[in-house]
Amino acid sequence: MTESADRDRNLKNVERLCSLVIDAIVGSVGALPASLRWICNLIYRIVITRFPDAGYTAVGGFVFLRFLCPAIVAPDAHGICSQITNPEVRRGLLLCTKITHNLANDILFGNKETYMVPLNKFISENRGRTLRFL
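So the sequence shown is numbered by our numbering: it starts at 90 and just counts up by one.
Shown next as structure tokens:
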């Protein structure tokens with residue numbers, strides 16, 4: 090398999106994994122505790138009084154960075170699954186976490202991580218439903 094074909098296959102695999110993760114997150118909004126939804130609403134309302142365009146970013150930073158991304162990158166450490174020993178699986182979860190983090194912060198990949206730039210299309214396509222979740 091050529092390097093280009095291998096890269097394309099890996100990108101599709103990461104996109105599939107991220108789609109499953111985003112589907113699960115977006116589909117779980119009703120299962121979030123009322124107290125967590127209340128805190129998110131409070132964060133949003135306070136932030137927009139000073140930074141009108143940053144409300145969703147603040148909520149995304151809180152929910153994704155503090156709760157969801159740690160569980161995505163290390164589900165075995167949070168009792169979600171058994172120990173992950175396969176480095177390819179671990180790498181896939183790390184990449185999915187990076188994508189999910191960028192979705193929550195509403196930013197695209199750029200010069201810092203050029204190898205992730207091909208996944209900007211995925212971020213753009215899923216931005217709307219992630220913001221609706223927030």
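Glycine included, every Cβ here is placed at the ideal spot set by N, Cα and C.
Using the Cβ count rule (16 or more neighbours within 10 Å means buried), how would you classify residue i?
{"i": "T219", "result": "buried"}
{"i": "D202", "result": "In the sequence as displayed, the identity of residue 202 is Glu instead of Asp. Exposed, since its Cβ has fewer than 16 Cβ neighbours within 10 Å."}
{"i": "T91", "result": "exposed"}
{"i": "V103", "result": "buried"}
Determine, using beta carbons only, whether residue i and residue j come nearer to each other than 7 Å.
{"i": "C129", "j": "I188", "result": "no"}
{"i": "V162", "j": "L184", "result": "no"}
{"i": "F222", "j": "V115", "result": "yes"}
{"i": "P207", "j": "L100", "result": "yes"}
{"i": "G170", "j": "P164", "result": "With the sequence shown as reference, residue 170 is identified as Cys, and Gly is not the correct amino acid for it. Taking 7 Å as the Cβ cut-off, C170 and P164 qualify as a contacting pair."}
{"i": "I173", "j": "R180", "result": "no"}
Check each candidate in the options and name the one with the smallest Cα separation from residue i.
{"i": "L121", "options": "D142, V152, R180", "result": "V152"}
{"i": "H190", "options": "Q172, A166, R216", "result": "R216"}
{"i": "F211", "options": "R96, S93, I111, I135", "result": "I111"}
Since residue i is in the alpha helix (DSSP H), which residue starts that stretch and which ends it?
{"i": "S213", "result": "209-222"}
{"i": "Y204", "result": "No alpha helix (DSSP H) contains Y204, which DSSP labels as neither H nor E."}
{"i": "V118", "result": "Taken as a continuous stretch (DSSP letters only), V118 belongs to no alpha helix (DSSP H), as it is neither H nor E."}
{"i": "C170", "result": "Counting along the chain, C170 falls outside any alpha helix (DSSP H), and DSSP gives it neither H nor E."}
{"i": "P176", "result": "176-194"}
{"i": "G199", "result": "Counting along the chain, G199 falls outside any alpha helix (DSSP H), and DSSP gives it neither H nor E."}
{"i": "A147", "result": "144-149"}
{"i": "V162", "result": "158-162"}
(message) Under 8 Å: do the stretch 132-150 and the stretch 192-202 share three or more Cβ pairs, one atom per stretch?
(response) yes
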